[in-house]
Amino acid sequence: MYLFHQYRETEKKYPKLKHRIYFSKQKFTKKVEERELITEKNPDGHLMYWSKLDDLQFCPRLNCWRGEKPHPIHNTDVAWDEIGNDLPPDGWNDNPDYVRQMFSHCRKRGNRIYANAQKYEMTDVHFRRQVDRCWKVAKLFGSRDIDVTRPDPRFVFVIQIIREFDPADMENESDERNLNELQLGFPRFNFYTKKDVEVYDTHFELPPMTSRWMKEEIWSCIEGDNCQDPKHRHKVVHVKV
19 MYLFHQYRET
29 EKKYPKLKHR
39 IYFSKQKFTK
49 KVEERELITE
59 KNPDGHLMYW
69 SKLDDLQFCP
79 RLNCWRGEKP
89 HPIHNTDVAW
99 DEIGNDLPPD
109 GWNDNPDYVR
119 QMFSHCRKRG
129 NRIYANAQKY
139 EMTDVHFRRQ
149 VDRCWKVAKL
159 FGSRDIDVTR
169 PDPRFVFVIQ
179 IIREFDPADM
189 ENESDERNLN
199 ELQLGFPRFN
209 FYTKKDVEVY
219 DTHFELPPMT
229 SRWMKEEIWS
239 CIEGDNCQDP
249 KHRHKVVHVK
259 V
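Read left to right, the sequence shown gives residues 19 to 259 (our numbering).
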């Protein structure tokens, strides 16, 4: 919400500037979408959605000042929820080149990536090597999780502790002793109520990761069903694309 406010303030002060967009994997509520989602009826919005890794290959703008020809994503704030699901640490060799280039060319193309993960070590090494700033956010105390099988808490709130670390130090995240010693500066604390999180569609679940680098091909013998050799019949193989 801070970024949406920042966009509008910049546009008000410098009306001739090109508009920045927020490219999110996390769904917002209808109220936020009515104001910020970019559509033909609302071209002055700032919000667009992506769901697949392929969506990050090209600029998503409906009418981009760089023309209609496909070109790399640029001047965009990419919100990447649960980045470890899309770029796991054991899949680095399968990542397409445009993803690696997106990380290494962030400043050149005017992009910023805001990503979160359950564990820093659960993310791809190419992403981790490009991280500029890193925070660990944890619940200090607050109301219990809302569960349909239990009565709602009388008051929904949480106090978070936010600690900043050097990204290189987060490589040892599993060892809490290191993190307690290596945090940068003093921790911050945030207080949230239910109203603060209602900007998101909390019922929305991220789809499971699907591999785009594999496809299925079925090979069959030229003799078809008449072939007597079981090794020739309907081979199913997976190949990289």
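All C-beta atoms in this analysis are idealised placements derived from N, C-alpha and C, irrespective of residue type, glycine included. Note that the structure is a prediction, hence the values are computed from the model and not measured.
Residue i, DSSP secondary structure in three states
i, result
"Asp-142", "coil"
"Phe-80", "For clarity, residue 80 is Leu in the given sequence; the question names Phe instead. Reduced to three states, the DSSP call for Leu-80 is coil."
"Ile-39", "strand"
"Asn-208", "strand"
"Asp-214", "helix"
"Leu-65", "strand"
"Asp-99", "coil"
"Leu-105", "coil"
"Thr-94", "strand"
"Thr-28", "helix"
"His-252", "Any answer about His-252 is weak, because its pLDDT of 47 lies below 50 and its placement is not dependable; what the coordinates show is given next. His-252: coil per DSSP, three-state reduction."
Within 8 angstroms, strictly: CB atoms of residue i and residue j
i, j, result
"Asn-266", "His-92", "This structure leaves residue 266 out entirely; the chain is present only between 19 and 259."
"Phe-175", "Phe-209", "yes"
"Arg-181", "Lys-212", "no"
"Arg-38", "Tyr-25", "yes"
"Leu-65", "Glu-51", "yes"
"Leu-158", "Asp-184", "no"
"Asp-219", "Lys-45", "yes"
"Arg-118", "His-89", "no"
"Phe-207", "Ile-179", "yes"
"Val-265", "Thr-57", "Residue coverage of the chain in this structure runs from 19 to 259, which leaves residue 265 outside it and unanswerable."
"Glu-68", "Lys-36", "At residue 68 the sequence reads Trp, which differs from the Glu that was named. Cβ distance not < 8 angstroms, so Trp-68 and Lys-36 don't count as in contact."
"Pro-107", "Glu-139", "yes"
Exposed unless 16 or more other CB atoms sit within 10 angstroms - verdict on residue i
i, result
"Leu-74", "buried"
"Val-215", "exposed"
"Leu-105", "buried"
"Phe-41", "buried"
"Arg-146", "buried"
"Ile-131", "buried"
"Thr-141", "buried"
"Tyr-32", "exposed"
"Thr-28", "exposed"
"Glu-54", "buried"
"Gly-85", "exposed"
"Arg-162", "exposed"
"Arg-79", "buried"
"Gly-109", "exposed"
"Asn-113", "buried"
| Meets three-Cβ-pair contact criterion under 8 angstroms: the stretch 185 to 192 and the stretch 156 to 170 | no
| query | Which parts of the stretch 128 to 193 are runs of the alpha helix (DSSP H), unbroken and 4 residues or longer, counting only runs that do not cross its ends? | reply | 143 to 146
| query | Are the stretch 87 to 101 and the stretch 147 to 163 touching by the rule of at least three beta carbon pairs closer than 8 angstroms? | reply | no
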